[in-house]
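2 protein chains.
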Amino acid sequence: MRLSKLVGERLKDASSGTNVKSHNYLLRAGYLKQVCNGIFTMLTPAQLINLKIQNIIRQEMNALGGQEVLFPVVMPREMWEKSGRYNSIGQEMVRFKDRNDHDMLLGMTHEEAAVHLCQNTIKSYDQLPFMIYQIQTKFRDEARPRAGLIRVKEFTMKDAYSFHTDKKELQNFYQKVYDAYNRIFKRIGMKKFIAVKSDTGMMGGDIAHEFMLLTDIGEDSIVICPHCDYKANMEVAVSTEDTISFEDSSIKEVYTSNAKSIEEVCNYLKIKPQQTIKAVCYAIVGDDKNTVIVFIRGDKEVNEAKLKRIVGKEIAVKDLSETGLVKGNIGCLNLQVKDCQILFDKSLENTCGMVTGANKEEYHISGINLKRDIPDAKYYDLAKVKEGEKCPICGKPLTIERGIEIGNIFQLGTKYTKSMEMTITMPDGKPINPLMACYGIGVGRALASVAEESSDAKGLVWPISIAPWQVYFCPLRLDDENVKTQAEKLEKSLAKEFELLYDDRNLSAGIKLTDSELMGIPFRVVISPRSLQNEEAEITIRKSGEKIMVKLCELNNTLHDLINKEMEELNG
Amino acid sequence: MRLSKLVGERLKDASSGTNVKSHNYLLRAGYLKQVCNGIFTMLTPAQLINLKIQNIIRQEMNALGGQEVLFPVVMPREMWEKSGRYNSIGQEMVRFKDRNDHDMLLGMTHEEAAVHLCQNTIKSYDQLPFMIYQIQTKFRDEARPRAGLIRVKEFTMKDAYSFHTDKKELQNFYQKVYDAYNRIFKRIGMKKFIAVKSDTGMMGGDIAHEFMLLTDIGEDSIVICPHCDYKANMEVAVSTEDTISFEDSSIKEVYTSNAKSIEEVCNYLKIKPQQTIKAVCYAIVGDDKNTVIVFIRGDKEVNEAKLKRIVGKEIAVKDLSETGLVKGNIGCLNLQVKDCQILFDKSLENTCGMVTGANKEEYHISGINLKRDIPDAKYYDLAKVKEGEKCPICGKPLTIERGIEIGNIFQLGTKYTKSMEMTITMPDGKPINPLMACYGIGVGRALASVAEESSDAKGLVWPISIAPWQVYFCPLRLDDENVKTQAEKLEKSLAKEFELLYDDRNLSAGIKLTDSELMGIPFRVVISPRSLQNEEAEITIRKSGEKIMVKLCELNNTLHDLINKEMEELNG
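The following block contains the structure:
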């Protein structure tokens, strides 16, 4: 490929609003162009990376006996009504009517399509286990697309579905895919990634893991025990902090003026947040009548993923003033509210001397003894884990890191085979609903995650396994007759053996070298009037910045060695 | 791959309603499963073929310097409003509102996206010519999906867009892609295909060609001159038939009772259809007021694609009785109708002695002399060419064949760059709208077309270049210990060197051999207790049915030779 003809500009400054490194560099280096919010065109360098990532994924899926199929993007409502998800999934799923007024949708995932395919096709236990997978465009109408390719509306995804006769077989296979995922991320050049326990969310099932790339720009919080093997997404991390009790006393109404927030109440009463009970109010999405109030210790935050699992429905923070509640003074004693589910966080269990709202303006109540005053309170693990809390496994202090979800795997069990009525016949002749697991990797997000982790101050730094080109050939002073002649010769010889991007532009060394760094091609070969005097070329390793002068006759061999070395590091 | 684990059934009878061979076999052999009307899941054998077809296309596009990109499936209204197609394309384009109430659409083609990408990215004449392409899912809400993968709603398509500074350069490049398309279809194993001139339709531009696979199940009619090089889609084929005149006489109102159709009028008056003038009435789609009436010789049919181009709008046959016209008696003399465009086919020009409707019940008018009686008539080429008409190039008789459109290429000119305001700077510093061409191939339709052309009475017959597997290994009597041991050995040795489908089922020879033929794998290797006595295997060439006995030690070499021979035939 000649750079002069490559569609895409190299820009000095990215357009505004791109404060994420990978997004910034991918725009500046001519990999991406935004079509509209959360929707991008991938230019050739990005698409070449996509194809390489897809091939690595394909190899690992095929190695597990995976069968590549292709499900449709557009599916009919009926299929998703059977599974119950036509109604349970919110606005992120696009629904439309076709020309014959049939309800259709754009697939965000394909459990329904997988069951539809295997239903009546797979009939007997001895056809299991097997895994089908596809690499296909998905659309998810994200409320807040962000960070370039990290969170988009349209994306290419590999999604796989395995089918099993029993739980043990499912777990064995799940472990194999878990291992394959580790290999995939390593092979595409990710370094700091881990697998953590995760929420099953809209997918359903019991057990799920997310693969996380640890990075400050991640939107997920991950709870990690540096002392044992415990790793969990914040959404499922178990809070095991001890409760704190204060001096037991009798209930007393105390004047708190216009103090409303925990901070204001604490300042007014000269107490610590740990002594207060915070009320957080929620609406149930799609239900105008029922509400939820969580009481939690003042220094803690509600983990809404946990709450959602307990409530069993989508929830959203809501001001409940219109129901007669006094905002900022809601308390758990003598609370009068209709059609409301009231939950307590474990952090309050058996505590004494606590302060809660008085359910009227300007007053709180002190001296609450939960056991004594609210004997029928129901306690749940509802709090977000905080840095330094005890590990639920080994008891040592936990740390919290940020991460990007780069893959996820779910033990779905019979959720879909049951609802869609897929059965297979077992050796004893009886029908069962087979068990399923599913496994996803977003191709574009993988690309962006590598860009995020591997880039440096000069630009992108692609791992050799997924680089759009292996070699950036950069002759300087193309106006020099000798350079030009040699460059044309070398282009031919390099293009025969390597994936080559040839910077054929007659521009300054500054621009050309800066562009090569921005674009992140692993090996740069420079020739100049000076290097040619010694019949030499200069190879620069993008990753380390190391420079090597080689004789022209040794150029290809040296490049092969360098490429092989980097490939071995990734695959080894 | 082991057949026992392959998802997909082999069926004796296809489900009802599949009267097209490719559709029938693809369903029966486990390649496809219908999700809903016009939407399919591709099973592994079909997806393997898809990937091979895509790779052949990719190689040929890359050989022309094509740059692979990826445009989004979902695009915003604004982009398509600029080109004018948001409104001009009908119901076949899916439109929906996203969660923020923005109008979005599903791409059926990507001219707008291509211009959006290149606009402001490509600035100067010296960056041209170039071609970008993608292989991406498309959705087209077909009114009448048919014949399995031949006409579907959702499909994978390669679409390419080239940009040029002038017409000559565009034509040169267009020719190169034309040649590449011929290579692609040959390489994927098509035999009877031709390129024909075609209508530009909703794409716009001047010149277009379709690549057509000639087959009786094709929905297009192709006009071919067996004597010279003239080939055209019926939609654009020029009718050059001589006009026929009858004895000149004066106008006379004649009683025709309730004769309405051309046939009835001819029977009643004892004349030939050639002496009648037929009226065909049309509504303009999306326009309640204006209508169109075409007068054409009674033995001819209106070519609606030609009519549409002349009218410049979508048209649809309509009964105009409600406007006061007398159905079956509409005539071109003294026709009183408002807001109606009246067109005459060339076949009527200067004819005499013709019969037309009297614009009242039970009467026609005879003795029409067009020149004399309707001096201001406007004549156009509006008729469908009929078998045996004169070739517009050499004058010899034309033939008409049926074909499936397997690819299309368009010289778009500046239609999109002008409407979307893309400019590049020329050497003289002046801006111009670059010229464009676009080039499409549907991957799934190519698969189905090959299936249609290459299948025989036993099932599918895949060309080696796109076969899902090269070799179908089919040991008979797997209950025999010796067969089983040898089969396992051979499976390993074959799988190392070939794409292998291993029929590991312990079923009757009848079922296994029939399945291998139905699935269409190019080479079948059979071992049986008997063949093993001589340390032999039987190779069957699917295409010819030819059988070859080979020593086991020669098996791999013989297969390599056979495969290479077939590959050479396709690529040579």
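Chains as they are written, first to last, in the working numbering: chain A, -8 to 563; chain B, -8 to 563.
Ideal Cβ positions, reconstructed from N, Cα and C, are used throughout, including at glycine.
From a predicted model like this one, the values you see are computed outputs, not experimental measurements.
Secondary structure, alpha helix (DSSP H): runs of 4+ residues fully inside the region 253 to 307 of chain A:
253 to 260, 295 to 302
Identity of the residues DSSP links to A428 (chain B) by a beta bridge:
B:S153, B:Q402
I want to know whether the region 486 to 499 of chain A touches the region 405 to 415 of chain A - three or more CB-CB distances under 8 Å.
These segments do not touch.
If you reduce the DSSP assignment to three classes, tell me which class L509 (chain A) lands in.
helix
So what does DSSP say about L498 (chain A), is it helix, strand or coil?
coil
Would you tell me roughly how many angstroms separate the C-alpha atoms of E103 (chain B) and I30 (chain A), rounded to the nearest one?
14 Å
What residues of chain B sit near E51 (chain A), judged by a beta carbon separation below 8 Å?
Within chain B, no residue comes near E51 (chain A); the closest Cβ sits about 16 Å away, beyond 8 Å.
Return the first residue and the last residue of the beta strand (DSSP E) that L334 (chain A) is part of.
331 to 336
In the DSSP assignment, what are the bridge partners of K381 (chain A)?
A:P388
CB contact below 8 Å: R66 (chain B) versus chain A:
The amino acid occupying residue 66 (chain B) in the given sequence is Met; Arg does not appear at that position. Yes, M66 (chain B) lies at the interface with chain A (some Cβ there is under 8 Å from its Cβ).
Since L636 (chain A) and N350 (chain A) should fall inside the 8 Å C-beta cutoff, what is the C-beta to C-beta distance between them, to a whole number of angstroms?
Lying before the first or after the last residue shown, residue 636 (chain A) is absent from chain A, which here runs from -8 to 563.
Return the first residue and the last residue of the alpha helix (DSSP H) that E313 (chain A) is part of.
Note, E313 (chain A): premise wrong, no alpha helix (DSSP H); not H, not E.
Since D92 (chain B) meets chain A, which of its residues come closer than 9 Å, beta carbon to beta carbon?
Chain A residues near D92 (chain B): none, gap ~11 Å exceeds 9 Å.
To the nearest angstrom, report how far apart K(-4) (chain A) and L403 (chain A) are at their CA atoms.
48 Å
If you reduce the DSSP assignment to three classes, tell me which class L97 (chain A) lands in.
strand
Whose Cβ in chain A lies nearer than 9 Å to the Cβ of G56 (chain B)?
Correct list: M(-8), R(-7), K(-4).
Just confirm the distance between the C-beta atoms of Q127 (chain B) and F62 (chain B), as a whole number of angstroms; I'd bet it's less than 8 Å.
6 Å
Please determine, among A:L550, A:L481, A:I391, A:K158, the residue with the shortest C-alpha to C-alpha distance to D207 (chain A).
It is A:I391.
Give the residues of chain A in contact with M558 (chain B), contact being defined as C-beta atoms less than 9 Å apart.
Those within 9 Å of M558 (chain B) in chain A number zero; the least Cβ separation is about 22 Å.
Since F121 (chain B) contacts G56 (chain B) with CB under 8 Å, what's their CB separation in whole angstroms?
Contact flag correct, Cβ pair sits at about 7 Å.
If you draw a straight line from the alpha carbon of E282 (chain B) to that of Y124 (chain A), how long is it in whole angstroms?
Note that residue 282 (chain B) corresponds to Thr in the displayed sequence, not to Glu. Roughly 53 Å separates the two Cα atoms.
Taking Cβ-Cβ distances shorter than 7 Å, what residues in chain A pair up with T9 (chain B)?
Neighbours of T9 (chain B) on chain A: none; closest Cβ ~17 Å, over 7 Å.
Euclidean distance between Cα positions of R68 (chain B) and Q110 (chain B):
Approximately 18 Å between the Cα atoms of the pair.
Residues near K309 (chain B) by beta carbon distance below 8 Å, same chain, minus five either side:
Here the set comprises C272, Y273, A274, T282.
Terminal residues of the alpha helix (DSSP H) in which A199 (chain A) lies:
No alpha helix (DSSP H) holds A199 (chain A); the beta strand (DSSP E) holding it covers 198 to 205.
Cβ of G(-1) (chain A) less than 8 Å from any chain B Cβ?
yes
Flag H218 (chain A) as yes if its beta-carbon sits less than 8 Å from any beta-carbon of chain B, otherwise no.
no
Is E527 (chain A) helix, strand or coil by DSSP?
strand
Just grab the DSSP bridge partners of K158 (chain B) for me.
Answer is none; K158 (chain B) lacks a bridge partner.
Contacting positions in the region 96 to 108 of chain A - beta carbon closer than 7 Å to chain B
A104, H107, L108
Please say whether I455 (chain A) and I554 (chain A) have beta carbons closer to each other than 8 Å?
Yes.
Given A186 (chain A), which residues of its chain have a CB within under 8 Å of its CB, disregarding the five upstream and five downstream residues?
Y169, Y172, N173, H200, E201, F202, M203, K222
Write down the C-beta distance between G565 (chain A) and S236 (chain A) rounded to the nearest angstrom, noting that I regard them as a contact closer than 8 Å.
Residue 565 (chain A) cannot be examined here, being either before or after the span of chain A that is shown, -8 to 563.
Roughly how many angstroms separate the alpha carbons of G420 (chain B) and L119 (chain B), rounded to a whole number?
Approximately 15 Å between the Cα atoms of the pair.
Answer yes or no: do I175 (chain B) and I432 (chain B) have a C-beta to C-beta separation smaller than 8 Å?
yes
List the residues of chain A whose Cβ lies closer than 7 Å to the Cβ of A458 (chain B), in chain order.
Neighbourhood of A458 (chain B) in chain A, by CB distance below 7 Å: empty, with the nearest CB roughly 15 Å away.
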